[in-house]
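Numbering (the numbering used here), first residue to last: 1490 to 1687.
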Ligand code: ADP
């Protein structure tokens, strides 16, 4: 089975992803893939330089992410152009590593950890979606604590994403991460044992 894992900012997706790995799942991480596909020598980095210019390269040949952010900020056409380069590269990278993991150990649970899974319409590509949920107030608190943000900034960042309650409604399975870490770990282990065999 291939399952999508998602949540909202500071809902505990990284925490759950760690518990899944510890319990034996293979987790493909979209954020990590996003970094790998733009390393020097990759087609995506070549595409970005061709589209937006060599000034986006740092002296060591790495992508200057901050500069790229400034180029696309507030320019929907450029952002779309960038996404048309990045998204297929990220999906391809994740598919390759998931295919490899499956070939190496058939029957192993494969999980794709994707922050904007619903927002980017990728939920349909998976056999099911597991959403990490916490109530809104707790999400705000954990984000403020983790990132040292004030409440207004935390609310603003959370407001940019689809709400966790909406993701929960769409989910096939929900992890409630409002309790202790141990409680969440227990839910994950139980969920994995209850999944139908691949
Ligand atoms: P995400 O990956 O969804 O942004 P994290 O897994 O980084 O979220 O969790 C957000 C913050 O909340 C982190 O500081 C993390 O240590 C903390 N956290 C996550 N789950 C719990 C929990 N069950 N109890 C207490 N703190 C938690």
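For each residue, glycine too, the CB sits at the ideal point set by N, CA and C.
Note that the structure is a prediction, hence the values are computed from the model and not measured.
Counting only unbroken stretches of 4 or more residues, the alpha helix (DSSP H) elements lying wholly within the segment 1558 to 1622 are 1565 to 1593, in sequence order. Taking 8 Å as the cut-off, the Cβ atoms of residue 1501 and residue 1623 count as close. For residue 1678, the enclosing alpha helix (DSSP H) starts and ends at 1670 to 1683. Counting only residues of its own chain and dropping the five nearest sequence neighbours on each side, residue 1607 has a CB closer than 7 Å to the CB of 1495, 1651, 1656 and 1659. Annotation: residue 1630 to residue 1638 spans about 9 Å, alpha carbon to alpha carbon. Residue 1595 and residue 1559 have their C-alpha atoms spaced approximately 44 Å apart. The criterion of a C-beta distance shorter than 8 Å is not satisfied by residue 1661 and residue 1604. In terms of side-chain proximity, the C-beta atom of residue 1621 is found nearer than 7 Å to a non-hydrogen atom of the ligand ADP. Looking at the backbone, the Cα of residue 1517 and that of residue 1585 are separated by about 10 Å.
Between the ligand ADP and the CB of residue 1504, the shortest heavy atom gap is smaller than 7 Å.
Taking C-beta separations shorter than 6 Å and ignoring five residues to either side along the sequence, the partners of residue 1529 in its chain run 1550, following chain order. Counting C-beta pairs with one atom in each stretch, the segment 1529 to 1549 and the segment 1606 to 1621 have fewer than three that are closer than 8 Å, which means they do not touch.
For residue 1606, the shortest separation between its Cβ and any heavy atom of the ligand ADP does not lie below 7 Å. The ligand ADP has a heavy atom closer than 7 Å to the beta-carbon of residue 1670. Burial is judged here by how many other beta carbons sit within 10 angstroms of a residue's own beta carbon; residue 1636 has fewer than 16 and is exposed. In the DSSP assignment, residue 1665 is bridged to 1622. Apart from sequence neighbours up to five positions away, the residues of its chain that approach residue 1561 with a beta-carbon distance below 7 Å are 1567, 1568 and 1571, ordered along the chain. Less than 8 Å separates the beta-carbon of residue 1574 from that of residue 1536. Taking a 10 Å sphere around the C-beta of residue 1509, we find 16 or more other C-beta atoms and assign the residue as buried.
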